[in-house]
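K.L.:
Here it is: the structure, laid out below.
Number of protein chains: 2
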Amino acid sequence: MIKRKKTKAIKIGKLKIGGDFPIAIQSMTNTKTSDIEKTVKQIKRLEEAGCEIIRVGVPDLNSAKAIGKIKKQINIPLVADIHFSAALAIEAINQGIDKLRINPGNFPKQELAKIAALCKKNKIPIRVGINSGSLEKDILGKNKFVTPEMMVKSAIRNVRLMEKMGFYDMVVSLKAPDVLRTVKAYEMLSEKIDYPLHLGVTEAGGEFSGTIKTAMALGSLLLKGIGDTVRVSLTSDPVEEIRVAWEILKSLDLRQRGVKIVSCPTCARTSIDVIGLSKKIEELTVGIKKPTKVAIMGCVVNGLGEGREADLAIVGEGGNIALIIKKGKIINKIAKEKEFEIFKKELKKII
Amino acid sequence: MIKRKKTKAIKIGKLKIGGDFPIAIQSMTNTKTSDIEKTVKQIKRLEEAGCEIIRVGVPDLNSAKAIGKIKKQINIPLVADIHFSAALAIEAINQGIDKLRINPGNFPKQELAKIAALCKKNKIPIRVGINSGSLEKDILGKNKFVTPEMMVKSAIRNVRLMEKMGFYDMVVSLKAPDVLRTVKAYEMLSEKIDYPLHLGVTEAGGEFSGTIKTAMALGSLLLKGIGDTVRVSLTSDPVEEIRVAWEILKSLDLRQRGVKIVSCPTCARTSIDVIGLSKKIEELTVGIKKPTKVAIMGCVVNGLGEGREADLAIVGEGGNIALIIKKGKIINKIAKEKEFEIFKKELKKII
């Protein structure tokens, strides 16, 4: 079991993060926020996939003004991502936004004070979102490459700035586009502050490389107990981000949802169609919400051991025979042609 | 930069692993090994994808006898995966195998001694492959679940057994089907021995969940300097395993190969078609072997920073304008319709 680092709990709409609250999964829409219909439609799809906090970009006044209407049609907390313009932040607050994501250094101090006061009055938390791609020029200096130390310096500076204004209702993020800097920066920051941390690798790339980079960085941090909310950034449909995020948290036993499948990579010993079965069983189990562990193993070398730890397993015994193992006991020896049918029946009994 | 834990260097055919040698990427065929034609064809595809060591299952004598003929037709070291039968191991050695993977506890001691003596004489290293699904019964006892401590106990026992026979030419692996046990087991083992470690999550599942689990476990271990060779186990075409393994090592700057793409997840601020462009650029750059960093960013918020760190970047400036940034300098401001064409030209100049 992972022992999570203790952070301050904060409230985003009805949802709490940090403290002992579950690690929350978030995403960001890629529609024009001012297109309320499209934006709401995308958020609904994200909710269905398991998204728990949703962020929208607010680059203009029409987007800010859309927030109230969007909020009414969705069920999860709404976060506004705002850069440079205090007027947009203030409009978002007036529209009833649940959280702001800003980089405080991007606002003149007087305007920032106004935003902080309004958020405090309305109990709206702020994410201080540091990003290696938009670091303050005085911290970067004449360097070409941003270091984790620079990112942490920027985060601490911005957190202290908010605290001086009497604002403490914060989440902090520190994103870089690569694994090494992301992991190092969060590790250093988590030693220095106890605000909840929002984890992510920024600009991670498309589904393939973005998933791998994010799984490595978040995996490494979460295993150390660091992280209270996560976003997987993919150049793709944001629904895919939610799938990946759930898989990451499930694989670490940090959250439970649906079916976990263990299946062998197949080799010369494989006596059943593991690849085909896995695909069929994956399709069969989409949408099942009860946490269930299933194993599909080509032979008995490791198959019996995996079968013992699963709720339900199919294991090739050699020749034409497949074993069905339920809660550690072999309940059936069948011809392999019938394995999927029998498996389906047994799965129904379990869930 | 990751500081790798120092391990003993060993030789597998012409390839060296451990010590300061590059972390090697391996896979396993899923053809019948006795089907020489199919097996060689698959190995050739794997070599082309970047596979550096290939393992074949040897469940019967025909498979063992195929080894010599397979070896002649391939360019990378060949490893035989053998369980229970000393006769198969001996035939594999006689056929000129480059390495054996066994679980020593699976063989009667006298026969194991024979294998060890033959391997020593022929300078064939052995991987002691511990797997949570096939742990010794006396270590498991009456427990249902295998712990990392049990796995390490099994590994140490088997390593010592080989050492007592005067055999020291070893690699060790400790695979479990989940991230937590895998990471914990390797961490503990790497404190106790200095043989090179072969990393992997066993039975990790299909492409989606297997990639995520493996990236998390290997990412966490590699970041700590643990690991000398890796295998990604996927219930899928083994070529996919090689793609994932390379992406993992590339993302940690442990190996270099081809193009690294940074691309933003797009949001309401995006003014160019980042998703479409990313796909086109990914296709364009497949097969390029020169290490090159490319960024595709929807807006200037983080785009200028990412552009600075990339060899070549496209960044949406807003409106109809895209910036082309080369080695940190804006070299072109163009209408976004022309961005791909200009990008392609500039990429050709770089590579």
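Those sequence lines, one after another, are chains F and D. So in numbering that gives the first Met the number 0, the last one in the first sequence is 350, and the numbering has no gaps at all. So in numbering that gives the first Met the number 0, the last one in the second sequence is 350, and the numbering has no gaps at all. Quick reminder that beta carbons are idealized off the backbone N, C-alpha and C, glycines included. Quick caveat, the model's predicted, so the values are computed rather than measured.
#1: Using the DSSP secondary-structure output, state which residues sit across from N74/D in a beta bridge.
#2: Going residue by residue through the region 189 to 249 of chain D, where are the continuous alpha helix (DSSP H) segments of at least 4 residues, counting only ones entirely within it?
#3: I need the boundaries of the beta strand (DSSP E) containing T291/D, first residue and last residue.
#4: Taking 8 Å as the limit between beta carbons, can you name the residues of its chain near T146/D, skipping five residues before and five after?
#5: Taking the beta strand (DSSP E) that E316/F falls in, what are its first and last residues?
#6: Which stretch, first to last residue, makes up the alpha helix (DSSP H) that contains G302/F?
#7: May I have the straight-line CA-CA distance separating L160/D from Q94/D, to the nearest angstrom?
#8: Against chain F, does N301/D count as a neighbour if the rule is that its beta carbon must be under 8 Å from one of theirs?
#9: If I measure Cβ to Cβ from I295/D and keep anything under 6 Å in the same chain, skipping five residues before and after, which residues do I get?
#10: Compare the C-beta of I247/D against all C-beta atoms of chain F and say whether one is closer than 8 Å.
#11: Where does G17/D fall in DSSP's three states?
#12: Confirm, please, whether the CB-CB distance from L233/D to G374/D is below 8 Å.
#13: In this structure, does DSSP put A321/F in helix, strand or coil?
#14: I'd like to know whether the C-beta atoms of A216/D and G209/D end up nearer to each other than 8 Å.
#15: On a Cα-Cα basis, can you pick out the residue from I125/D, I92/D, P237/D and I16/D that is closest to K64/D?
#16: Around the C-beta of P76/F, are 16 or more other C-beta atoms found within 10 angstroms, so that it is buried, or is it exposed?
#17: To the nearest angstrom, report how far apart K325/D and F342/D are at their CA atoms.
#18: Any beta carbon of chain D sitting closer than 8 Å to that of V243/F?
#19: Report the partner residues of K332/D according to the DSSP bridge assignment.
#20: Could you please tell me which residues of the region 144 to 167 of chain D, in chain order, have their CB closer than 9 Å to any CB of chain F?
#21: Between G132/F and chain D, is there a C-beta pair that is closer than 8 Å?
#22: CB D168/F to CB P103/F, shorter than 8 Å?
#23: Pull up the DSSP beta-bridge partners for N130/F, would you.
#24: Cβ of F342/D less than 8 Å from any chain F Cβ?
#25: Thinking C-beta only, is I271/D closer than 8 Å to G315/D?
#26: For G304/F and chain D, any beta-carbon pair shorter than 8 Å?
#27: Along the region 191 to 208 of chain D, where does the CB come closer than 8 Å to a CB of chain F? Name the residues.
#28: Assuming P195/F and K7/F are in contact, meaning their beta carbons sit under 8 Å apart, how far apart are those beta carbons, in whole angstroms?
#29: Output the distance between the C-alpha atoms of K5/F and Q25/D, rounded to the nearest integer angstrom.
#30: Using only CA atoms, which one of L45/D, C50/D and K2/D lies nearest to A23/D?
#31: So which residues of chain D does T181/F contact, with C-beta pairs closer than 7 Å?
#32: Tell me the DSSP secondary structure of Q25/F in three-state form.
#33: Nearest by alpha-carbon distance to K13/F: which of A244/F, R100/F, K122/F and D80/F is it?
#34: Under a three-way DSSP split, which group does K104/D fall into?
#35: For K43/F and Y185/F, what's the separation of their Cα atoms in angstroms?
#36: Over the uninterrupted beta strand (DSSP E) stretch that includes I123/D, give me the two end residues.
P.N.:
Quick answer:
#1: DSSP, once it has assigned bridges, lists no residue as partnering N74/D.
#2: 206 to 222
#3: T291 to M296
#4: R180
#5: L311 to G317
#6: V299 to E308
#7: 25 Å
#8: yes
#9: S262, V273, L276, S277 and I313
#10: yes
#11: coil
#12: The question about residue 374/D has no answer, for chain D in this structure spans 0 to 350.
#13: strand
#14: no
#15: I92/D
#16: buried
#17: 10 Å
#18: yes
#19: L322/D
#20: F144 and V145
#21: yes
#22: no
#23: K174/F
#24: no
#25: yes
#26: yes
#27: T201, E202, A203, G204, G205, F207 and S208
#28: 6 Å
#29: 40 Å
#30: C50/D
#31: Going along chain D, no residue has its Cβ under 7 Å from T181/F, so there is no contact; the nearest lies around 11 Å.
#32: strand
#33: K122/F
#34: Per the sequence shown, residue 104/D should be read as Gly rather than Lys. It is helical.
#35: 31 Å
#36: Counting along the chain, I123/D falls outside any beta strand (DSSP E), and DSSP gives it neither H nor E.
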